[in-house]
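One structure is given below, encoded as structure tokens.
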């Protein structure tokens, strides 16, 4: 014990001796060579300290060392940011820390050791009490912390360090200098000497260029850790993560303080994540935004909308709307966010104490942020170009406030998905979705883009569904849109991967290879219903047959599923799939441009990108950080796509053979689709019953057959591997090994993309045999282009063009040529993506082609028409007329024969109420009751589109109540927005059924028409006669005016273009209301 005490005493003595007195090493800085020569050299200025010399009266090269000439300012900001870091960093490398104070009497900065002053506990306590506390509840006392200080404590008998030196300012020469000899003290005392790696440095002493580097790292979304590593590598300074995080937060807060609206600022409030998010959006000139806020002190809150104009000014509009959906409302949500009940909210305005909102959602103007939506100029331009399809989805875990991120996406002419509208929602409630779709989207996207939306894809969220239903239909935001549910969510999430079915289906699949095929077949049946049936008649019959297949005896089935599993499958099919066919199946969207989209896959992919990307959002990010990251990711993505599109415009295919096939001016994706359609043309047969009509039908006998030997070989190979994998799984001793092999087995025999080829061939054979597939005859008509001066012609197909806006295999059967520019809608042109919204004159021409000359088919030249007449004269038929006529639109006939079609082979033993027996006819059957003769009637095969109005759900409200709406828009205007403001450019077709831009006539006269219709219902037949007579008279008089004005104006574009008149008519000739539930 004595030895231990002696050793401890000696150790204390050594420590005291070490701290008693020591001299630092070299203190090196860069100085100018002389007053007139600014070439920099290194100087160890430690020998200049401690000579008891005053400042030189006449500073010169003989008695002074001059700092570089660019350091020629003497302001407090310049001293702190530029002069101090030079000497602080030098002393830090020497193993100690200093601080500097300006001495006005001597015109110098006095630098001293940080231990030159004693610690004063009372002064620190008073300073801490005077600071504004950035906490959620200021009424709670602060937590007691074990604060530490590096300064000496006088009560403990410690002494202060006397190290000091001065840096002088020459006012005459505007230069900083160090005398060759000066006062001060070079020795340290009272503390130990450490290596520089062991000392922390304050971030404010970073050199200015390093500060700029750190800010650039933050702007490029590098993490604080990555930025610290870079700075430490460049400067050998041990900056901590929390120091860099402080710099990052300070930069954002400074932006808020600099740009905060003074009229709404609150002196005592702290800057929150909501403030920073609004500042980020407000400071980006390319961003337009709108925000929903609620007052913290008022029980009845007025609604204010702030819009940023072209000159960055803010205007205020008063709005009075209601969004209470009976379950939740903006006011109720705000109460929860503020942590108050209704009585507290009503009395808050009378109380001097403000209600406390969550820290990160409270704004400096005293409000709480409920929702924040924004878009960007490039996103607005893309949405104005490609508004046909919208996919919406909400995702969680993107911010620390747990706000759902909801965003809308579209697809461009390269089939690439792009996001164009984002919103941090308050919750997944109906009022929030209604505000977004009804107020935020049209505010952020002025112009006609919302009117041109054809399809809105979402999952089956009921709150989202009701909100969208209230904004679809005539006179509403999405006047021409349909709402469709995501098929992936319905089948994969709710069926194959749902906990109620997943283990059951896996058990059936693992029992045998045939049962695995049977399960995959049932899933494929539902996907076939969603994607491939084109008419409601086809869909209805297919659903009847699928239900029969799930109920009938399994003797003719590939596999044998136990009755319990079949019962659960039937329940899902009837209760979850069939009853929602109008929201899922392609046949319910006959007149809609879907481009084959039936899932929200683009939104799901974007969700993963936001959350899995290196620079993506994280659950720990606050609202501002997540907003900033999303904007940066969008800008980077847009830049890549713009470069890719520019390359596509500037370049051509290098091979002559490719140039001969492709249509110059169309996107690569469009060319790919057209070439695929062109390659399928030879598989079809043609029949020309009259001069203007062609019937095109696939040669099913030649191109729809299976080879039994191949199927048997595929079954044998699949069954052998299936049994082998069962044995391999049993040999595994660990659970992990069994699980890995089982997963591989599920991939090979699950029917998905990773499935092995023999299993796919086996499944395809069973799909062809069981899934109801119909013969189809396409009707192609030769029509005159409306308004053309020389009776120019176009080919119109009744099936495919309206779905994708490009030519199809039925047209290429008749046209003996490769695709060209006019074979596709203007949206598929590469120059459309490059110049629309960039070049004003070109934008107008693109708009004319898109909106006013929107042909339902592809134009053909006189030479092409002459070839058609020569190759396909009237009466030409590749086969029997009955073969074409038996599957015309409105007539159903299943493909296949009794040998390879399950339904035709078993039809004799079945009876389906209301199903025509001709559907099950076979070429090898002689039953006259089945093969009845069919007469061809070419009239009205492709009739004019008639407006259809679906039964809409009752709206949930028209706008937010008890909230404020603030927002800002960029100065950028999309072309459709500019055209909307130019009444002189508002034309309408004079002779065709298509129409020009929507005018206000509908909105002006619809209320009068609705009132008259109510009176008609009350007055009965007499009222019907009066209204019909008045409407017929008005229509006749307007037709006469249109006829008189016919041909006054013409547009430029493809050939001469249709004639236009000055009469304004409604935008939409086709209906696109959502289907009734």
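Numbering (the UniProt record's numbering), first residue to last: 1 to 1077. Just so it is clear, CB atoms sit at the ideal spot from N, CA and C, and this is done for glycine as well. Because the structure is a prediction, the values reported are computed rather than measured.
Between the Cα of residue 59 and those of 789, 592, 171 and 967, spot the shortest distance and give me the residue it belongs to. Comparing C-alpha distances from residue 59 to each of 789, 592, 171 and 967 shows the shortest one belongs to 171.
Counting only runs of 4+ residues fully inside the UniProt domain "MULE transposase" (391-490), write out the alpha helix (DSSP H) ranges in chain order. 430-435, 441-444 and 462-469
Is residue 558 close to chain B? Criterion is C-beta to C-beta, closer than 8 Å. In the structure shown, chain B cannot be found, because there is only a single protein chain.
List the endpoints of the continuous alpha helix (DSSP H) containing residue 108. Segment 108-113 is the beta strand (DSSP E) holding residue 108; no alpha helix (DSSP H) there.
Could you give the uninterrupted runs of the beta strand (DSSP E) lying entirely in the region 766-831, keeping only those of 3 residues or more? 777-784 and 793-797
Counting beta carbon pairs with one atom in the region 776-796 and one in the region 686-697, are three or more of them shorter than 8 Å? yes
So what does DSSP say about residue 170, is it helix, strand or coil? strand
How is residue 994 classed by DSSP in three states: helix, strand or coil? At residue 994 the pLDDT is 37, less than 50, meaning the model places this residue with poor confidence and gives no usable figure here.
Give me the DSSP bridge partner(s) of residue 698. 684
Would residue 582 be called buried (16 or more neighbouring beta carbons within 10 Å of its own) or exposed? Under a 10 Å Cβ-count criterion, residue 582 is classified as buried, with 16 or more other Cβ atoms of the shown protein chains found around its own Cβ.
Closest to residue 72 by C-alpha separation, out of 409, 880 and 173, would be which residue? 173
Return helix, strand or coil for residue 164, following the three-state DSSP convention. strand
Looking at C-alpha atoms only, which residue of 64, 46 and 45 is the closest neighbour of residue 54? 64
Identify whether residue 879 lies in helix, strand or coil by the three-state DSSP scheme. coil
Residue 775 to residue 798 span [Cα, whole Å]: 15 Å
How do the region 514-523 and the region 555-563 stand: do at least 3 beta-carbon pairs fall below 8 Å, yes or no? A contact is defined here as three or more CB-CB pairs under 8 Å, and the region 514-523 meets this definition with respect to the region 555-563.
Reducing DSSP to helix, strand and coil, say where residue 501 ends up. Correct three-state label for residue 501: coil.
Extent of the continuous beta strand (DSSP E) run through residue 64: 64-66
DSSP-derived helix/strand/coil call for residue 1037: Under the three-state reduction of DSSP, residue 1037 is assigned to helix.
How many Å lie between residue 81 and residue 208 at the Cα? Each residue's CA atom was taken as its position, placing residue 81 and residue 208 some 7 Å apart.
Tell me, which residues are paired with residue 175 by DSSP? DSSP, once it has assigned bridges, lists 170 as partnering residue 175.
Figure out for me which residue from 110, 216, 225 and 195 has the closest Cα to the Cα of residue 177. 110
Terminal residues of the continuous beta strand (DSSP E) containing residue 656? Here residue 656 belongs to no beta strand (DSSP E); instead the alpha helix (DSSP H) covers 656-661.
Who are the Cβ neighbours of residue 604 in its own chain at under 8 Å, not counting the five residues just before and after it? 393 and 488
Helix, strand or coil: how does DSSP classify residue 516 here? helix
Using the Cβ count rule (16 or more neighbours within 10 Å means buried), how would you classify residue 241? exposed
Does DSSP classify residue 921 as helix, strand or coil? coil
Is it true that the CB of residue 921 sits closer than 8 Å to the CB of residue 893? For residue 893 and residue 921, yes; Cβs fall inside 8 Å.
Tell me the DSSP secondary structure of residue 289 in three-state form. strand
Grouping DSSP H, G and I as helix and E and B as strand, with all else coil, what is residue 30? strand
How long is the line joining the alpha carbons of residue 811 and residue 888, rounded to whole angstroms? 17 Å
Close Cβ partners of residue 17 (< 6 Å) along its chain, the five nearest in sequence each way excluded: none
Have a look at residue 589 and residue 598 and give me their C-alpha separation to the nearest angstrom. C-alpha separation (whole angstroms): 11 Å.
Quick check on residue 1024: does DSSP put it in helix, strand or coil? Of the three classes helix, strand and coil, the one that applies to residue 1024 here is helix, per DSSP.
So, using beta-carbon positions, are residue 903 and residue 772 closer together than 8 Å? yes
Under the three-state reduction of DSSP, which class applies to residue 88: helix, strand or coil? When DSSP states are grouped into helix, strand and coil, residue 88 belongs to the helix group.
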